[in-house]
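Chemist: Going left to right, the sequence shown walks through residues 292 to 612 as this note's numbering numbers them.
Beta carbons are placed, not taken as given, at the ideal position from N, Cα and C, and that holds for glycine.
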Amino acid sequence: MNFWNELRQQNRPILLSAPLDGVSDLAFCKICLDGGADVVYTEMTSASDLYHESKQLITYLKLFKGVHRVGIQLYGKDPEHFTKAASIAESLGFDEININFGCPAKGVVSGGGGVMLMKDLDNVYKIIENTIKGTKLPVSIKIRAGIEKNSITALDLLKKIKNLPVSCVIIHGRTYEQLFSGEINYNLIKECKNFIDNNFIQSKELNGIFPIVIVNGGIIDKTTAEKALNLTNSDGVMIGMGSYGKPFIFNELKGFKNNDLKKYILNHAKYLFESKPKKAHLDFRKHLLWYLKNNENFISLRNEIIKIENIEDIKEILKKI
Ligand SMILES: Cc1cc2nc3c(=O)[nH]c(=O)nc-3n(C[C@H](O)[C@H](O)[C@H](O)COP(=O)(O)O)c2cc1C
Numbered sequence: 292m293n294f295w296n297e298l299r300q301q302n303r304p305i306l307l308s309a310p311l312d313g314v315s316d317l318a319f320c321k322i323c324l325d326g327g328a329d330v331v332y333t334e335m336t337s338a339s340d341l342y343h344e345s346k347q348l349i350t351y352l353k354l355f356k357g358v359h360r361v362g363i364q365l366y367g368k369d370p371e372h373f374t375k376a377a378s379i380a381e382s383l384g385f386d387e388i389n390i391n392f393g394c395p396a397k398g399v400v401s402g403g404g405g406v407m408l409m410k411d412l413d414n415v416y417k418i419i420e421n422t423i424k425g426t427k428l429p430v431s432i433k434i435r436a437g438i439e440k441n442s443i444t445a446l447d448l449l450k451k452i453k454n455l456p457v458s459c460v461i462i463h464g465r466t467y468e469q470l471f472s473g474e475i476n477y478n479l480i481k482e483c484k485n486f487i488d489n490n491f492i493q494s495k496e497l498n499g500i501f502p503i504v505i506v507n508g509g510i511i512d513k514t515t516a517e518k519a520l521n522l523t524n525s526d527g528v529m530i531g532m533g534s535y536g537k538p539f540i541f542n543e544l545k546g547f548k549n550n551d552l553k554k555y556i557l558n559h560a561k562y563l564f565e566s567k568p569k570k571a572h573l574d575f576r577k578h579l580l581w582y583l584k585n586n587e588n589f590i591s592l593r594n595e596i597i598k599i600e601n602i603e604d605i606k607e608i609l610k611k612i
């Protein structure tokens, strides 16, 4: 059975950890799974680099082997690259393929990719169609509300692709213009959910059920999660920045308390030092700053955090909290 169906049968909101460039590496994905995420995503990965079989990229992606409920997120603008990219991703053992139609990064949008595709719906259609051709895995998409206040195109995009069997639609309820802050357009997401429930092709892989709809943007705790779910009628939430230093936010939303901060910090560090031995100490500094930002001694700990070199240094800091 497709894992989305299993999740839907649990009769609780589905909890996704967001793809976060520069953050959601293997270690972050693993710690978010430990913290209760139902599905986690890789950082955006170039479909064209996979198409060209970039050795460096494939070596990195192989690290995910054996870790499950991981979706690989692909971005790009050349539809012809996505079939082979999807097939390689499947052979690498990922559970799902997500396509990025929301990225605002300069390097991506300048070439017409990411969120700019929300203006080029023919290409969006071809990219999804070609991805589905390349794999038996479920294929999901991640979109934004639109480009700017006067160009809210999420619903147009969904109308265009309603006959394609996507398994899940994740909607970041902000425009490109808003980047990563500001109000979430809950009404729009509700409209999208309604449209999907009534008009989308009922996917075979979902046993004839309509695609799952996930609300994303600004969810940082139970209150904001409940608000987003109530106002949009979505099947679940995706959390990005709300999981910084708090990968157990997913467990909290499931009602599990007593998440041991020190245990999460040490496990996260272990995963990172194992998977990226050369630069783990540099990468973990930012995570440790996030983990300890609410500690009463944060100001004095900060100077030590930004100098950590190894796990022993981290243990020394943990003795002080
Ligand atoms: C540092 C950073 C990197 C991001 N990288 C990606 C990415 O690789 N792919 C993607 O679809 N969205 C990316 N996003 C957007 C997030 O996945 C998410 O949609 C956005 O942050 C809103 O959710 P939040 O308010 O819960 O963080 C990124 C956001 C941030 C802040």
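(1) Hey, how far is the Cα of Gln300 from the Cα of Ser458?
(2) Distance check for Glu607 and Ile461, CA to CA, integer angstroms please.
(3) Looking at C-alpha atoms only, which residue of Leu579, Ile505, Ile510 is the closest neighbour of Leu298?
(4) Could you give the first and the last residue of the continuous beta strand (DSSP E) run that contains Thr466?
(5) May I have all residues whose beta carbon comes closer than 6 angstroms to any heavy atom of ligand 1, sorted in chain order?
(6) Apply the 10 Å Cβ neighbour rule to Arg465 and answer buried if 16 or more other Cβ atoms are within range, or exposed otherwise.
(7) Taking DSSP as the reference, what is the three-state secondary structure of Phe392?
(8) Would you mind working out which of Asp488, Asn498, Gly499, Ser534 sits nearest Asn524, comparing C-alpha positions?
(9) Can you give the Cα-Cα distance for Lys584 and Leu348, rounded to whole angstroms?
(10) What does DSSP give as the partner residue(s) for Thr336 in the beta ladder?
(11) Taking the beta strand (DSSP E) that Leu307 belongs to, which residues open and close that run?
(12) Give the straight-line distance between the Cα atoms of Lys569 and Lys453, rounded to the nearest whole angstrom.
(13) Would you kindly check if the distance between the Cβ of Leu448 and the Cβ of Val415 is under 8 angstroms?
(14) Roughly how many angstroms separate the alpha carbons of Ser382 and Ala571, rounded to a whole number?
(15) When DSSP labels each residue in this structure, what does Val406 get in the three-state scheme?
(16) Can you find at least 3 beta carbon pairs, one from the stretch 530-546 and one from the stretch 306-326, that sit closer than 8 angstroms?
(17) Taking Ile503 and Ile305 to be in contact with their CB atoms under 8 angstroms, please state how far apart those CB atoms are, rounded to whole angstroms.
(18) Only counting the same chain, and skipping five residues up and downstream in sequence, which positions put a Cβ closer than 8 angstroms to that of Lys410?
(19) Once you ignore the five residues that flank Ile510 on each side, which residues in its own chain have a CB closer than 7 angstroms to its CB?
(20) Please list, in chain order, all residues of the same chain as Leu412 whose beta carbon is under 7 angstroms from its beta carbon, the five residues on each side excluded.
(21) Give me the DSSP bridge partner(s) of Asn507.
(22) Can you look up Lys433 in the DSSP assignment and give me helix, strand or coil?
(23) Identify the continuous alpha helix (DSSP H) that holds Ile322 and give its terminal residues.
(24) DSSP three-state call for Val331: helix, strand or coil?
(25) Please list the terminal residues of the continuous alpha helix (DSSP H) segment that includes His372.
Modeler: Quick look at the numbers:
(1) 15 angstroms
(2) 41 angstroms
(3) Ile505
(4) 459-466
(5) Ala309, Pro310, Leu311, Asp312, Gly313, Val314, Glu334, Met335, Gln364, Asn391, Gly393, Cys394, Lys433, His463, Phe471, Asn507, Gly508, Gly509, Ile510, Ile530, Gly531, Met532, Gly533
(6) buried
(7) strand
(8) Asp488
(9) 33 angstroms
(10) Leu365
(11) 305-308
(12) 45 angstroms
(13) yes
(14) 27 angstroms
(15) helix
(16) yes
(17) 7 angstroms
(18) Ile438, Ser442, Thr444
(19) Ala516, Ala519, Val528, Ile530, Gly533
(20) Asp447, Leu448, Lys451
(21) His463, Met529
(22) strand
(23) 317-325
(24) strand
(25) 370-382
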